[in-house]
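>
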Amino acid sequence: MAEQQGKPDNTRIVRRLLLTVVGMFAFGFALVPLYDVFCDITGFNGRFTDGQAAANTKTVDTSRTVNVQFITRVNKGMPWGFEPEVNSVRVHPGETKVVNFLANNPTGGNMIAQAIPSVAPGEASLYLNKVECFCFNQQPLAAGAKTAMPMQFYLDPEIPDDIHTVTLSYTMYDMTENATPDALAAIAQPVN
Amino acid sequence: MSTVVGEMDQHDDHHHHAPSGVTRWLFTTNHKDIGSMYLWFSFIMFLVGGSMAMVIRAELFQPGLQLVDPHFFNQMTTVHGLIMVFGAVMPAFTGLANWMIPMMIGAPDMALPRMNNWSFWILPFAFAILLASLFMEGGGPAFGWTFYAPLSTTYSSDSTALFVFSVHIMGISSIMGAINVIVTIMNMRAPGMTYMKMPLFVWSWFITAFLLIAVMPVLAGAVTMVLTDKYFGTSFFDAAGGGDPVMFQHIFWFFGHPEVYIMILPSFGIVSAIIPAFARKPLFGYASMVYATAAIAGLSFLVWAHHMFTTGMPVFAELFFMYCTMLISVPTGVKVFNWVATMWRGSITFETPMLFSLAFVILFTIGGFSGLMLAITPVDFQYHDTYFVVAHFHYVLVSGAIFSIMAAAYFWLPKWTGHMYDEGLAKLHFWASLISVNVLFFPMHFAGLAGMPRRIPDYSIQFADINQIVSIGGFAFGLSQLIFLWVVIKCVKGGEKAPAKPWEGAEGLEWTVPSPAPYHTFDTPPDTSKTPPEAQDHG
Numbered sequence: 001m002a003e004q005q006g007k008p009d010n011t012r013i014v015r016r017l018l019l020t021v022v023g024m025f026a027f028g029f030a031l032v033p034l035y036d037v038f039c040d041i042t043g044f045n046g047r048f049t050d051g052q053a054a055a056n057t058k059t060v061d062t063s064r065t066v067n068v069q070f071i072t073r074v075n076k077g078m079p080w081g082f083e084p085e086v087n088s089v090r091v092h093p094g095e096t097k098v099v100n101f102l103a104n105n106p107t108g109g110n111m112i113a114q115a116i117p118s119v120a121p122g123e124a125s126l127y128l129n130k131v132e133c134f135c136f137n138q139q140p141l142a143a144g145a146k147t148a149m150p151m152q153f154y155l156d157p158e159i160p161d162d163i164h165t166v167t168l169s170y171t172m173y174d175m176t177e178n179a180t181p182d183a184l185a186a187i188a189q190p191v192n
Numbered sequence: 001m002s003t004v005v006g007e008m009d010q011h012d013d014h015h016h017h018a019p020s021g022v023t024r025w026l027f028t029t030n031h032k033d034i035g036s037m038y039l040w041f042s043f044i045m046f047l048v049g050g051s052m053a054m055v056i057r058a059e060l061f062q063p064g065l066q067l068v069d070p071h072f073f074n075q076m077t078t079v080h081g082l083i084m085v086f087g088a089v090m091p092a093f094t095g096l097a098n099w100m101i102p103m104m105i106g107a108p109d110m111a112l113p114r115m116n117n118w119s120f121w122i123l124p125f126a127f128a129i130l131l132a133s134l135f136m137e138g139g140g141p142a143f144g145w146t147f148y149a150p151l152s153t154t155y156s157s158d159s160t161a162l163f164v165f166s167v168h169i170m171g172i173s174s175i176m177g178a179i180n181v182i183v184t185i186m187n188m189r190a191p192g193m194t195y196m197k198m199p200l201f202v203w204s205w206f207i208t209a210f211l212l213i214a215v216m217p218v219l220a221g222a223v224t225m226v227l228t229d230k231y232f233g234t235s236f237f238d239a240a241g242g243g244d245p246v247m248f249q250h251i252f253w254f255f256g257h258p259e260v261y262i263m264i265l266p267s268f269g270i271v272s273a274i275i276p277a278f279a280r281k282p283l284f285g286y287a288s289m290v291y292a293t294a295a296i297a298g299l300s301f302l303v304w305a306h307h308m309f310t311t312g313m314p315v316f317a318e319l320f321f322m323y324c325t326m327l328i329s330v331p332t333g334v335k336v337f338n339w340v341a342t343m344w345r346g347s348i349t350f351e352t353p354m355l356f357s358l359a360f361v362i363l364f365t366i367g368g369f370s371g372l373m374l375a376i377t378p379v380d381f382q383y384h385d386t387y388f389v390v391a392h393f394h395y396v397l398v399s400g401a402i403f404s405i406m407a408a409a410y411f412w413l414p415k416w417t418g419h420m421y422d423e424g425l426a427k428l429h430f431w432a433s434l435i436s437v438n439v440l441f442f443p444m445h446f447a448g449l450a451g452m453p454r455r456i457p458d459y460s461i462q463f464a465d466i467n468q469i470v471s472i473g474g475f476a477f478g479l480s481q482l483i484f485l486w487v488v489i490k491c492v493k494g495g496e497k498a499p500a501k502p503w504e505g506a507e508g509l510e511w512t513v514p515s516p517a518p519y520h521t522f523d524t525p526p527d528t529s530k531t532p533p534e535a536q537d538h539g
């Protein structure tokens, strides 16, 4: 190669290098879906697929107890009140529990919201199964209305021994802007 | 600047009709002209970024807010970082590559000279845009050079688009420079110059260029996502729209960690050229140096998350990134060992390039050790975002990368200008820099361990003494660099006539051409099969 005094190869090398550049630029964007997939599989970063788990058929492991804590917050600019009925519950792995979350819409307009969960430590998200949860769906709430939203869950008995506390955090996001006016108008008014 | 080259013109080949005045610089495709422009540009940026550091150190001289308001302070830390990384260190290395790589491999010029001109001339525009943003309403970028979302999206000033475009231009410039280096090295080596006979500076740049091609586009992607998040309603990093701000850190550091090796691998090449010259012994372990450089480059893609241990990762991931990070100290240790072994029983003399190289080896190793401390996940929770981190990366970048660039400048100045520099002044520059750089950065370790956070304009009163010492060191280091400017100007203007090979033990093709190097060198390729540079240790 060193013998070639002309530059017959330059164009080919430049073309390949430019292709690499374009490929790496695309790779930067490909990291976005890859990151989601990676987080879903590993529970990395406390995110997890928020799908409905099968009903609990596990045997309860009464030899240990795990403290499950609940944290709620609303996104910046979101006017709702949103809090868990209890701040924490102690459960045996395999045992099914129901916890209510209270929400109210203090504004004068109908609104739709969506709660997004996050679990710490991230590893625990793989073992926290929800049979039923308000977070599976969007929550419509009429002006001035309040509601109690149930969340039914159990911890997989496979949960590692070194996990003694699991924190489940919900952030409530305002989805009203994405809703059609008809859908908003259809929200049932509170019964006083 | 034009005086410099006025003199070089005398050596012009007669078939070359260089335009004079400003058009000569605008339209030049000569690797030596472009190299000089890169080096001067990076020095100007070094002074601009340095002045911002002086503002930072003046504000931190005592607790409380004295000189600047916190928002402006944040702009100073941000733009200081951006300018030093993209404006000072990287262009200085590209300038050295332009000047030296063709002469070291016996090529007449870079392979793509017109692109070379373009890749330099877009740089001043990039930095003009960045610096102009400081004067916009709402101020310039104030989110740190790492521009973490949501600081750079939700909470940034309106001028963020200017920051994004200037980073795009810097990236394009770096990528074009890297493509040029790779094509030059692959296609333009003189007969007999096989890959394993190339000087290590060429090798280290070859590997650096591949790193640039791999990660600069990822940086371009990251700033583009920041741009669309801020101005076009996307939600890459906005949790309210289904994005994730932590993902920004993953994408940024996937670029960011290879980037820190982009800023140090060419230094390894420089020091590997200088130490054998002044120890008058061939480099110990040439092949292991090549493999170690490649190993460091490869590992650099597997360690990015050690910058974000505190974001909450599974223990498995923390351990993986911790061990990979520590693994890098193995090839780096090989290099340090090789440099020491090269000096072992050598006939060492201590001219300024050697002094800077020795300081590089020692101080870079200190920076490497503090890096190892930071790599240990459990203790990183204490060090994270403190002055300990600031001390660490300034040891590897200032007394590492910058010192090696100084060493390179002194080593090759006689070749560039045809004059010997003033050794007395240069030694003054070295000692002033060496002492002040340690007064400046060493106490930062203690401030960090004691809990002083980085990127703050004000601090708790117990850090006052340490910060005063650091600031004094900072001012002294800043002033010392003016001596360097003086030495360079003096050397350009005149001085003792330099022979073709001013350093007794120096090896390599660049020393076979007269000093100053003629405008065109190696129009006919040299035969390197007789005296392979830096390869004698193979026997």
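Which chain is which? The protein sequence lines are A and B, in order. Counting from 1, one number per residue, gives the positions in the first sequence under the UniProt record's numbering. Counting from 1, one number per residue, gives the positions in the second sequence under the UniProt record's numbering. Each residue gets a CB set at the ideal place from its N, CA and C atoms; glycine is no exception. Note that the structure is predicted; figures quoted are calculated from it, not measured.
Would you mind sorting B/M136 into buried or exposed? The rule is 16 or more other CB atoms within 10 Å of its CB.
Indexing the second sequence from 1 puts residue 136 of chain B at position 136. Exposed, because fewer than 16 other Cβ atoms sit within 10 Å of the Cβ of B/M136.
> May I ask you to list the residues that DSSP assigns as paired with B/Q75?
Taking the first residue of the second sequence as 1, we reach residue 75 of chain B at position 75. Answer by DSSP bridge pairing: none, since B/Q75 is not bridged.
> Less than 9 Å between CB atoms is the rule here; does A/M111 satisfy it with respect to chain B?
The count along the first sequence starts at 1 and reaches residue 111 of chain A at position 111. Cβ-Cβ to chain B under 9 Å: no for A/M111.
> Give me the chain A residues within the contact set of B/P217, using Cβ-Cβ distance strictly less than 7 Å, ordered along the chain.
Translated into the one-based positions of the second sequence, residue 217 of chain B becomes position 217. Result: V21, M24, F25, G28.
> Just checking my contact of A/S125 with A/V119 at CB under 8 Å: how many whole Å lie between their CB atoms?
Within the first sequence, numbered from 1, the residue matching residue 125 of chain A stands at position 125. Within the first sequence, numbered from 1, the residue matching residue 119 of chain A stands at position 119. The pair is a contact, with the Cβ atoms about 4 Å apart (cut-off 8 Å).
> Going by DSSP, name the residue or residues bridged to B/D158.
Residue mapping note: residue 158 of chain B aligns to position 158 of the second sequence, counting from 1. In the DSSP output, where bridge partners are listed per residue, B/D158 has none listed.
> Tell whether a beta-carbon distance below 9 Å holds between B/A92 and B/F147.
Mapped onto the second sequence, residue 92 of chain B falls at position 92. Mapped onto the second sequence, residue 147 of chain B falls at position 147. Note that the C-beta distance between B/A92 and B/F147 is not below 9 Å.
> Inspect the beta-carbon positions of B/Q75 and B/P124 and report whether they are closer than 9 Å.
Stepping through the second sequence from its first residue, residue 75 of chain B is reached at position 75. Stepping through the second sequence from its first residue, residue 124 of chain B is reached at position 124. Their beta carbons are not under 9 Å apart, which means B/Q75 does not touch B/P124 by this criterion.
> Using a Cβ-Cβ distance under 9 Å, would A/N137 count as near chain B?
If you number the first sequence from 1, residue 137 of chain A lands on position 137. By this cut-off, A/N137 is not an interface position.
> Does the Cβ of B/S480 have 16 or more other Cβ atoms within 10 Å, making it buried, or fewer, making it exposed?
Residue numbering aside, residue 480 of chain B sits at position 480 when the second sequence is read from its first letter. Here B/S480 is buried. Its C-beta has 16 or more other C-beta atoms within 10 Å.
> Helix, strand or coil: which one does DSSP assign to A/L103?
As a working note, residue 103 of chain A is residue 103 in the first sequence. Sequence check: residue 103 of chain A is Ala here, not Leu. In the structure shown, A/A103 sits in a strand (DSSP, three-state: E or B).
> Kindly list, in the order they appear in chain A, the residues whose Cβ is closer than 8 Å to that of B/L112.
On the second sequence, position 112 is the one that residue 112 of chain B refers to. Within 8 Å Cβ-Cβ: N10, V14.
> Could you name the residues of chain A that B/V396 contacts, counting a contact when the two beta carbons are closer than 7 Å?
Position 396 of the second sequence holds residue 396 of chain B. Within 7 Å of the CB of B/V396, no CB atom of chain A is found; the nearest one sits about 25 Å away.
> When DSSP builds the beta bridges, which residues end up paired with A/Y170?
Position 170 of the first sequence, counting from 1, holds the residue named residue 170 of chain A. BP columns for A/Y170 point to A/T72, A/P117.
> The ligand SAH and A/D61: does the residue's C-beta get closer than 8 Å to at least one heavy atom of that ligand?
The ligand SAH is not part of this structure, which contains no ligands at all.
> Taking buried to mean at least 16 other C-beta atoms within 10 Å of its own C-beta, is A/A186 buried or exposed?
On the first sequence, position 186 is the one that residue 186 of chain A refers to. Exposed, since its Cβ has fewer than 16 Cβ neighbours within 10 Å.
> Shorter than 9 Å from the beta carbon of B/N187 to some beta carbon of chain A?
For the purposes of this step, residue 187 of chain B is taken as residue 187 along the second sequence, with counting starting at 1. Chain A contact via Cβ: present.
> In three-state DSSP terms, what is B/L283?
For the purposes of this step, residue 283 of chain B is taken as residue 283 along the second sequence, with counting starting at 1. Correct three-state label for B/L283: coil.
> Would B/T3 be called buried (16 or more neighbouring beta carbons within 10 Å of its own) or exposed?
Numbered from its first residue, the second sequence carries residue 3 of chain B at position 3. Low confidence applies to B/T3: its pLDDT is 43, below 50, so where it sits in the model is not reliable enough to give any reading.
> Please classify B/E510: does DSSP put it in a helix, a strand, or coil?
The residue labelled residue 510 of chain B in the question sits at position 510 within the second sequence. Three-state result, B/E510: helix.
> Following the continuous beta strand (DSSP E) through A/V131, name the residue where it begins and the one where it ends.
By 1-based counting over the first sequence, the position of residue 131 of chain A is 131. Taken as a continuous stretch (DSSP letters only), the beta strand (DSSP E) holding A/V131 covers 128-133.
> Does residue 204 of chain A come within less than 9 Å of chain B when only Cβ atoms are used?
Since the first residue of chain A shown is 1 and the last is 192, residue 204 of chain A is not available in this structure.
> Going by DSSP in three states, A/M175 sits in which element: helix, strand or coil?
As a working note, residue 175 of chain A is residue 175 in the first sequence. The answer is coil: DSSP assigns A/M175 none of H, G, I, E or B.
> Which residues mark the beginning and the end of the alpha helix (DSSP H) in which B/V255 is found?
The count along the second sequence starts at 1 and reaches residue 255 of chain B at position 255. Checking the sequence shown, residue 255 of chain B turns out to be Phe, not Val. Here the alpha helix (DSSP H) through B/F255 covers 245-262.
> How long is the line joining the alpha carbons of B/L96 and B/L39, rounded to whole angstroms?
Looking up residue 96 of chain B in the second sequence gives position 96. Looking up residue 39 of chain B in the second sequence gives position 39. If I take the Cα positions, the gap works out to 7 Å.
> Shorter than 9 Å from the beta carbon of A/V32 to some beta carbon of chain B?
For the purposes of this step, residue 32 of chain A is taken as the residue at position 32 of the first sequence. Chain B contact via Cβ: present.
> Any beta-carbon of chain A closer than 9 Å to the one on B/I175?
By 1-based counting over the second sequence, the position of residue 175 of chain B is 175. It does: the Cβ of B/I175 has a partner Cβ on chain A nearer than 9 Å.
> With a threshold of 9 Å between beta carbons, is B/V183 in contact with chain A?
Here residue 183 of chain B refers to the residue found at position 183 of the second sequence. Chain A contact via Cβ: present.
> If contact means a Cβ-Cβ distance below 9 Å, which residues of the region 243-268 of chain B contact chain D?
You won't find chain D in this structure, because its protein chains are A and B.
> Check whether the Cβ atoms of A/L155 and A/G94 lie closer than 9 Å to each other.
Within the first sequence, numbered from 1, the residue matching residue 155 of chain A stands at position 155. Within the first sequence, numbered from 1, the residue matching residue 94 of chain A stands at position 94. It is a contact, given that the beta carbons lie within the stated cut-off.
> Decide if B/W503 is buried, meaning its Cβ has at least 16 other Cβ atoms within 10 Å, or exposed.
Position 503 of the second sequence, counted from the start, is the residue given in the question as residue 503 of chain B. Buried: at least 16 other Cβ atoms inside 10 Å.
> Is there a C-beta anywhere in chain A that falls below 9 Å from the one on B/M313?
Locating residue 313 of chain B in the second sequence gives position 313, where the first residue counts as 1. It does; some Cβ of chain A falls within 9 Å.
> Which residues of chain B have a Cβ atom closer than 7 Å to the Cβ of A/N75, listed in chain order?
As a working note, residue 75 of chain A is residue 75 in the first sequence. The answer, in chain order, is A240.
> Between which residues of its own chain and A/Y173 is the CB-CB distance below 7 Å, once the five residues before and five after are set aside?
As a first step, residue 173 of chain A is located in the first sequence; it is residue number 173 there, counting from the start. N75, M78, A113, Q114, I116.
> Are B/I274 and B/F356 closer than 9 Å when you measure CB to CB?
As a position in the second sequence, residue 274 of chain B is number 274, starting the count at 1. As a position in the second sequence, residue 356 of chain B is number 356, starting the count at 1. Yes, the pair counts as a contact, with Cβ atoms nearer than the cut-off.
> Between B/M45 and B/G87, is the Cβ-Cβ spacing less than 9 Å?
Residue mapping note: residue 45 of chain B aligns to position 45 of the second sequence, counting from 1. Residue mapping note: residue 87 of chain B aligns to position 87 of the second sequence, counting from 1. Contact flag set, yes.
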